[in-house]
Amino acid sequence: MTVHLMKDGWIGVIKGRPQVGAVAERSRRTQPQDIDAFADMTGDRNPLHYDKRLAEASVFGKLIVQGGVTSGILNAVVAEDIPGPGSVFLEVSWKFVKAVGVGELITGRVEVKEVRADKPITKLETSVRNEAGEICLTGTATVFTVPLAKG
Numbered sequence: 001m002t003v004h005l006m007k008d009g010w011i012g013v014i015k016g017r018p019q020v021g022a023v024a025e026r027s028r029r030t031q032p033q034d035i036d037a038f039a040d041m042t043g044d045r046n047p048l049h050y051d052k053r054l055a056e057a058s059v060f061g062k063l064i065v066q067g068g069v070t071s072g073i074l075n076a077v078v079a080e081d082i083p084g085p086g087s088v089f090l091e092v093s094w095k096f097v098k099a100v101g102v103g104e105l106i107t108g109r110v111e112v113k114e115v116r117a118d119k120p121i122t123k124l125e126t127s128v129r130n131e132a133g134e135i136c137l138t139g140t141a142t143v144f145t146v147p148l149a150k151g
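Going by this note's numbering, 106 is the number at position 106 of the sequence shown; the sequence numbering is gapless.
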């Protein structure tokens with residue numbers, strides 16, 4: 001009889017293997033400079049982000065931040081909290097449900113749904129809510145965590 005021992009894929013991961021059901025959240029208030037910084041990085045200068053008159057006359061009724069600003073808070077939750085340092089997105093499936101305005105407090109949340117034992121791969125349920133508790137973004141993400149500690 002051959003016994004195969006599965007290698008622990010989480011050796012060297014700074015925060016270790018996350019547990020199914022674990023949750024992490026981070027909040028921040030969006031600012032006009034978020035729009036500028038994102039536009040400088042990407043070239044996204046959509047009038048909905050810059051032209052107050054046009055934005056207020058639109059279906060949104062206000063200046064809104066780019067979707068990348070909204071989803072960006074999830075980068076921080078994943079890289080800093082769960083799974084933690086060394087984590088990068090492999091796959092995301094996000095639905096942008098409600099636009100986020102300038103000056104709104106948003107909260108990014110991740111919940112661990114699956115954890116592979118053989119590789120540092122985590123499947124997460126993700127969301128971003130505004131301060132009224134309304135979902136602005138919802139979906140899932142698969143994350144790989146690079147072992148950074150000596151293990």
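Backbone N, C-alpha and C define an ideal beta-carbon position, used for all residues, glycine too.
Note that this is a predicted model, so its numbers are computed, not measured.
Item: At 3 residues or longer, what runs of the beta strand (DSSP E) sit wholly inside the stretch 109–138?; Value: 121–130
Item: In whole angstroms, what is the alpha-carbon distance linking residue 34 and residue 119?; Value: 35 Å
Item: Mapping the DSSP letters down to three states, classify residue 60 as helix, strand or coil.; Value: coil
Item: Report all residues from its chain with a CB closer than 8 Å to the CB of residue 54; omit the five preceding and five following residues, and keep chain order.; Value: 47, 48
Item: Who are the near neighbours of residue 193 in its chain, counting only those whose CB is closer than 7 Å to its CB and skipping five residues on each side?; Value: Residue 193 is absent from the model: the chain starts at 1 and stops at 151.
Item: Would you decide whether residue 66 is buried or exposed? Buried here means 16 or more other CB atoms lie within 10 Å of its CB.; Value: buried
Item: Quick check: what's the CA-CA separation for residue 70 versus residue 16?; Value: 28 Å
Item: Assign residue 26 to one of three DSSP states: helix, strand, or coil.; Value: strand
Item: Please report how far the alpha carbon of residue 91 lies from the alpha carbon of residue 124, in whole angstroms.; Value: 10 Å
Item: Go ahead and pull the three-state DSSP assignment for residue 95.; Value: strand
Item: I need the DSSP call for residue 65, collapsed to helix, strand or coil.; Value: coil
Item: So, are the CB atoms of residue 102 and residue 77 less than 7 Å apart?; Value: no
Item: Can you pull the DSSP bridge partners for residue 105?; Value: 29
Item: Check residue 74 in the structure and name its three-state DSSP category.; Value: helix
Item: Look at the Cβ atom of residue 99, then the Cβ atom of residue 60, and state whether they are nearer than 7 Å.; Value: yes
Item: Can you name the start and end residues of the alpha helix (DSSP H) that residue 47 belongs to?; Value: 47–50
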